[in-house]
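Peer 1:
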Amino acid sequence: MLRNYRLWWHAPRVHEPGDQARRVTWLELFYDLVFVVVISRLAHHLAEHPDPRSFGEFLLLFVPVWWVWLSIAYYNERFETYDLSFRVLTFFQMLVVAVMAANAEYGLGKTATGFALSYASARLLIVLMWWRAGRHNPQARPVTDLYVRNFSVSVGLWGIAAFLTGPEALALKGAGLLIDLFTPLLTLADQRRAFPASARKLPERFGLFVIIVLGESLVGVVNGLADVERADAVTLLRFVLGFLLGFGLWWVYFDFIGRREPDSQDRWRFFAWSYLHLPLVIGITLVGAMVQHAVAVQADVQPGVRWLLAGGFALYYAACAGLEFTLEPDDPPLVRLGQIVPLRLLTAGAALALPLVLHTVSGLVLGLIALHVVHMVVGLRAWFGSANAGRSDVH
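What the sequence shown shows, in this note's numbering, is residues 1354 to 1748, in sequence order.
1) Would you call L1414 buried or exposed, if buried means 16 or more other Cβ atoms sit within 10 Å of its Cβ?
2) Secondary structure at P1615, three-state DSSP: helix, strand or coil?
3) Are the CB atoms of F1548 and S1431 within a distance shorter than 7 Å?
4) Would you kindly work out how many angstroms separate the C-alpha atoms of A1426 and V1587, rounded to a whole number?
5) How should R1697 be labelled, buried or exposed, when 16 other C-beta atoms within 10 angstroms of its C-beta is the threshold for buried?
6) Inspect the beta-carbon positions of R1612 and E1681 and report whether they are closer than 7 Å.
7) Determine whether the Cβ of H1363 lies closer than 7 Å to any Cβ atom of chain C.
8) Just verifying my parser: in three-state terms, what is the DSSP assignment at L1680?
9) How many angstroms separate the CA atom of H1398 from the CA atom of A1584?
10) Give the secondary structure of K1554 by DSSP, where H, G and I count as helix, E and B as strand, and everything else as coil.
11) Rounded to whole angstroms, what's the CA-CA distance from G1560 to M1453? Just pull it up for me.
12) How is the alpha helix (DSSP H) around K1526 delimited, first residue to last?
13) L1499 to L1477, Cα distance in whole Å?
14) Classify W1484 as helix, strand or coil using the three-state DSSP reduction.
15) Closer than 6 Å by C-beta to P1403: which residues in its own chain qualify, once you throw out the five before and the five after it? Chain order, please.
16) Given a threshold of 16 other Cβ atoms within 10 Å of its Cβ, counted over all protein chains shown, does R1553 qualify as buried or as exposed?
17) Nearest CA to the CA of V1566: which residue from E1369, P1556, A1396?
18) Look up A1701 in the DSSP assignment and say whether it is helix, strand or coil.
19) When the Cα of G1665 is compared with those of L1594, L1687, P1632, which residue comes out closest?
20) Please name the residue, chosen from S1407, S1474, H1489, that lies closest to H1363 on a Cα-to-Cα basis.
21) If I1722 sits next to L1597, beta carbons under 8 Å apart, how far is it from one beta carbon to the other, in whole angstroms?
22) If the criterion is Cβ atoms closer than 7 Å, does the pair V1508 and A1451 meet it?
23) Take L1312 as the anchor and find which of L1442, P1417, F1408, L1571 has the nearest alpha-carbon.
24) Rounded to whole angstroms, what's the CA-CA distance from G1529 to R1591? Just pull it up for me.
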């Protein structure tokens, strides 16, 4: 009887040091699929309206989506169970995120109420999960109790904002997001005592989320090719170049960043690693949303396309530069921080300057690919010139 009971309900317990459960579960992979939909809808709307106002709206909608995903990823890292109740909670999480996706394109306009209520509902479920975890893990309560208090305030602000319009609604939503984003930083002093285990599978979860947003670049180039009435050699060349631009984003992240573990012993660096992924995935999504314009080039393409494409690329490389400081170092280092970080920042600056001299989207894509190649060459020289080039962990 007791055994059957445990199949239905397991009390969440803090994962202890030495727990080697590092594989992402099938349920987590299935859960991530719903974010493919919501990010795709946000990217599609921005691709159709590449202007400053739409970009601002994209940011205000993307951050809540990312925060819901991050919150569940962190909860699973600390308290994941494998019982039926956890599957039920995950189902309801997916349900409300799907509602967010349905309201995402006009989440600050005609569907603002639906988006705000679905975000508040997703956050409320997470608050209940943290509350439940705290009741069963007294040592974690300094963290979980603060999460419950502050996140509940954020849920209330978003719930009120759902029935308001104009600046008042934006102010309440912005305040709620700031509470969400800054609350974990208030717990850094208690994190090590509450959660003694190092990162288990968060690096893999983050890598999979990067793959999700990288998928937008594939969707973008395919949509661009599909939008062309008649494909010719020039169109196919633009398609290949657009594809190569997204491939370069994958190459640089997973060969320089994604293959290494974050420094989970230093809580500030560990949280910086988490938060720096936000500008990184925003940059990737911007590139993916704009790249379709490089394939299906129209005579009336808006100037904002070039700036958003270059800006997303620059944001990606600036985030990569910051991430270098949050990772466990190679021993010996393949590329020294004093070399790779300035190169990343110079690349970001060069990308922002390119729209001033390259006035076509196709030309800009070529220029950005050239910047990618610099980093690829640096990596290849380091790997093949290193005594560790044959190790499996550098591939």
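Built from N, CA and C at the ideal position, the CB exists for glycine as well.
Note that the structure is predicted; figures quoted are calculated from it, not measured.
Peer 2: Quick look at the numbers:
1) buried
2) strand
3) Contrary to the premise, residue 1431 reads as Arg rather than Ser in this sequence. Cβ atoms of R1431 and F1548: closer than 7 Å.
4) 43 Å
5) buried
6) no
7) Any reference to chain C falls outside this structure, which holds one protein chain only.
8) strand
9) 25 Å
10) coil
11) 23 Å
12) 1519-1535
13) 14 Å
14) helix
15) Q1655, G1657, V1658, L1661
16) buried
17) A1396
18) helix
19) P1632
20) H1489
21) 6 Å
22) no
23) Outside the shown range of the chain, which is 1354 to 1748, sits residue 1312, and nothing can be said about it.
24) 42 Å
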